[in-house]
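Asks: Sharing a structure, written as structure tokens. Questions coming.
Residue numbers (this note's numbering), protein chains in the order written: chain Z, 1 to 284; chain D, 1001 to 1284.
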């Protein structure tokens, strides 16, 4: 099978994307997208690599879905609506056409469920499976959620239990993210562990945090919930309610409070928490 | 050096992108871009892989520039103006920070020259250097050049001599691409060799082509000019002039004529030319 034949099959599988603004899709030099008025555009790219992010022999459908889900999680973290994606995939020589089609079937199933059009990409050979998804989303003009607006007194939340194993499917929190637009003072997604990501949110906002409670996944350790990666839940702050307790958004857990202090510091039971998490570049 | 420290350095190197519409750049979950009214958006992604697209040991500045140049060439092919890019890079364990910075210096030099803002990306480890650039550009609404509008009688052109060695710097034909908007009936960039890419243009347009002349790079073979890849020149068609000869656009060569015939057929001296070029997926 030639590259052109694979591209032709993918074009049929991807279908028409006009209702999402995609005027020209797979099979041209670029995808052409018509932006809607009153919207800003969100762009995200993320890599998923064999033996780094998943073991050799993992199911292709799951890899395809996961590659897309990770970028959808970032669109959710900024309160956006996904519109289309480009997928760069390289596979080892000898990989069957069937594997490639299964990868895209898994990706397209999640794409359809979230209104994301597969609008283009690139296929190549390499020695391991390497996938980079580029996602294009939109958000109301000037309303993108950011990680730098948390203020002392804000309550901190996460959208689910933490410490997930790598092979648990990612459910991007798109509806929650959209519902937080205009409400959350800061928001980001958890990809490198709560300890490091909460540190990053606080550093960007110039504040500190007191962490009271960490909702841990059944079977996971507190160590993994704090310092593991790949949770893909949303971490966000809401202004303190004027009176009494605020109900956490559905399915979310209150984990602590934003406080004044050394920017980026995270305090647990009066002690600083180490901002250690998953890092591709620090010494192992 | 941690991933966060590398990202901080890149943020400083990349500078501010507000004049290109980039409101939020490196260091957030997504880049945020404000589209201009009256424009469509062009999206492109392309991979550059060690031992596939360049040999191990190639200069990092050249790899960075080449990774960006290839995607700029596709924006040029649709008549667009580049605005920003996201760069996903993975490097082998033990790669020096210096290598990564040189890669981005090479990429950023070309980015600045072409008005492209580095707005985000992803860093990871893998066993070989693997770079995926995602480019966001814009074009006047409804005016993107396409490859499917060539009509019998149109004259065919390429923007330079063909058969380039892989290590010759790519000069993306952005000014030419923009000047062809509203004039060219079809346009694409040459990445897999003239024979295969001209076949693709003709197939998309439902026409055939007579190839009269191939401008060959000094020192290159006609075989390489026809069936090699990596030229990154523009291939385009212009309507036949009403009278007399048309001057080729500056620096361009007339190579033949669009004719009626079996869609995709390319005829040289009365005989069909094999649509063979660089293909990652056909048997070697």
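C-beta: ideal position from N, C-alpha, C; glycine also.
Would you mind telling me which residues of chain Z sit closer than 7 Å to residue 1280(D), beta carbon to beta carbon, in chain order?
Replies: For the purposes of this step, residue 1280(D) is taken as residue 280 along the second chain, with counting starting at 1. The contacting residues are 3, 123, 124, 125.
Asks: On the three-pair Cβ rule with 8 Å, is the stretch 1191-1210 of chain D touching the stretch 1099-1112 of chain D?
Replies: These segments do not touch.
Asks: So residue 1257(D) is in the beta strand (DSSP E); what residue range does that whole segment cover?
Replies: As a first step, residue 1257(D) is located in the second chain; it is residue number 257 there, counting from the start. Taken as a continuous stretch (DSSP letters only), the beta strand (DSSP E) holding residue 1257(D) covers 1253-1259.
Asks: Starting from the C-beta of residue 88(Z), find all residues in its chain whose C-beta is less than 6 Å away, skip the five residues before and the five after it, and write them out in chain order.
Replies: Here residue 88(Z) refers to the residue found at position 88 when the first chain is read from its first residue. Excluding positions up to five away in sequence, the list reads 121, 122, 132.
Asks: In or out: residue 51(Z) buried (at least 16 other Cβ within 10 Å) or exposed?
Replies: One-based indexing of the first chain puts residue 51(Z) at position 51. Flag for residue 51(Z) reads exposed.
Asks: In the DSSP assignment, find the beta strand (DSSP E) that holds residue 189(Z) and state where it starts and stops.
Replies: Along the first chain, read from residue 1 onward, the residue named residue 189(Z) stands at position 189. Here the beta strand (DSSP E) through residue 189(Z) covers 186-189.
Asks: Name the chain D residues that come within less than 9 Å of residue 47(Z), Cβ to Cβ?
Replies: As a working note, residue 47(Z) is residue 47 in the first chain. Those are 1088, 1089, 1090, 1122, 1123, 1124, 1126, 1130, 1132, listed as they occur along chain D.
Asks: Tell me the DSSP secondary structure of residue 1047(D) in three-state form.
Replies: If you number the second chain from 1, residue 1047(D) lands on position 47. DSSP places residue 1047(D) in strand when its eight states are reduced to three.
Asks: Tell me which same chain residues have a C-beta within less than 8 Å of the C-beta of residue 281(Z), skipping the five on either side of it?
Replies: Here residue 281(Z) corresponds to residue number 281 of the first chain, with the count starting at 1. Answer for residue 281(Z): no residue qualifies.
Asks: How many Å lie between residue 1149(D) and residue 234(Z) at the Cα?
Replies: As a working note, residue 1149(D) is residue 149 in the second chain. As a working note, residue 234(Z) is residue 234 in the first chain. Approximately 46 Å between the Cα atoms of the pair.
Asks: For residue 71(Z), which of 21(Z), 174(Z), 249(Z) has the nearest alpha-carbon?
Replies: Position 71 of the first chain, counting from 1, holds the residue named residue 71(Z). Considering only alpha carbons, the answer is 174(Z).
Asks: Using the three-state DSSP reduction, which class does residue 273(Z) fall into: helix, strand or coil?
Replies: Taking the first residue of the first chain as 1, we reach residue 273(Z) at position 273. If DSSP states are grouped into helix, strand and coil, residue 273(Z) belongs with coil.
Asks: Could you tell me whether the stretch 1098-1107 of chain D touches the stretch 1056-1068 of chain D, using the rule of 3 or more Cβ pairs below 8 Å?
Replies: Touching, per the Cβ criterion.
Asks: Suppose the cutoff is 8 Å on Cβ atoms and the five residues either side in sequence are ignored; what does the same chain contact list for residue 1081(D) look like?
Replies: As a working mapping, residue 1081(D) is identified with position 81 in the second chain. Cβ neighbours of residue 1081(D) beyond the five flanking positions: 1075, 1115, 1137, 1138, 1139, 1174, 1178.
Asks: Take every Cβ of the stretch 253-269 of chain Z, pair it with every Cβ of the stretch 216-225 of chain Z, and state whether three or more of those distances are shorter than 8 Å.
Replies: As far as the Cβ criterion goes, the stretch 253-269 of chain Z does not touch the stretch 216-225 of chain Z, which means the pair count is below three.
Asks: Compare the C-beta of residue 143(Z) against all C-beta atoms of chain D and say whether one is closer than 7 Å.
Replies: Against the first chain, residue 143(Z) aligns to sequence position 143. For residue 143(Z), the answer is no, since every Cβ of chain D falls outside 7 Å of its Cβ.
Asks: Which residues mark the beginning and the end of the alpha helix (DSSP H) in which residue 1071(D) is found?
Replies: Start at 1 with the first residue of the second chain, and residue 1071(D) comes out as number 71. Per DSSP, residue 1071(D) belongs to the alpha helix (DSSP H) from 1060-1077.
Asks: Where do the N-terminal and C-terminal ends of the beta strand (DSSP E) with residue 1220(D) fall, by residue?
Replies: The residue given as residue 1220(D) occupies position 220 in the second chain. Note, residue 1220(D): premise wrong, no beta strand (DSSP E); not H, not E.
Asks: Scan the stretch 76-153 of chain Z and note each continuous beta strand (DSSP E) run of 3 residues or more that stays entirely inside, going in chain order.
Replies: Complete beta strand (DSSP E) runs here, min 3: 81-91, 117-125, 130-140.
Asks: Express the C-alpha separation of residue 1044(D) and residue 125(Z) in angstroms, rounding to a whole number.
Replies: Here residue 125(Z) is taken as the residue at index 125 of the first chain, counted from 1. Here residue 1044(D) is taken as the residue at index 44 of the second chain, counted from 1. Between residue 125(Z) and residue 1044(D), the C-alpha separation is close to 19 Å.
Asks: With DSSP collapsed to three states, give me the class of residue 27(Z).
Replies: Working through the first chain from its first residue, we reach residue 27(Z) at position 27. Here residue 27(Z) sits in coil by DSSP.
Asks: Measure the alpha-carbon distance for residue 180(Z) versus residue 168(Z) and round it to whole angstroms.
Replies: Locating residue 180(Z) in the first chain gives position 180, where the first residue counts as 1. Locating residue 168(Z) in the first chain gives position 168, where the first residue counts as 1. Going from the Cα of residue 180(Z) to the Cα of residue 168(Z) covers about 25 Å.
Asks: Shortest alpha-carbon distance to residue 1041(D) belongs to which of 1078(D), 1164(D), 1030(D), 1015(D)?
Replies: Here the question's residue 1041(D) lines up with position 41 in the second chain. Selected option, being the one with the closest Cα: 1078(D).
Asks: If you draw a straight line from the alpha carbon of residue 1284(D) to that of residue 1(Z), how long is it in whole angstroms?
Replies: In the second chain, counting from the first residue as 1, residue 1284(D) sits at position 284. In the first chain, counting from the first residue as 1, residue 1(Z) sits at position 1. Because residue 1284(D) sits at a pLDDT of 43, beneath the cut-off of 50, its placement in the model cannot be relied upon, and the following sentence gives the value as read from the coordinates. Each residue's alpha carbon lies about 12 Å from the other.
Asks: Contact check, residue 1162(D) vs residue 1194(D) under 8 Å by CB: the rounded distance?
Replies: Here residue 1162(D) corresponds to residue number 162 of the second chain, with the count starting at 1. Here residue 1194(D) corresponds to residue number 194 of the second chain, with the count starting at 1. Right, their Cβ atoms sit about 6 Å apart.
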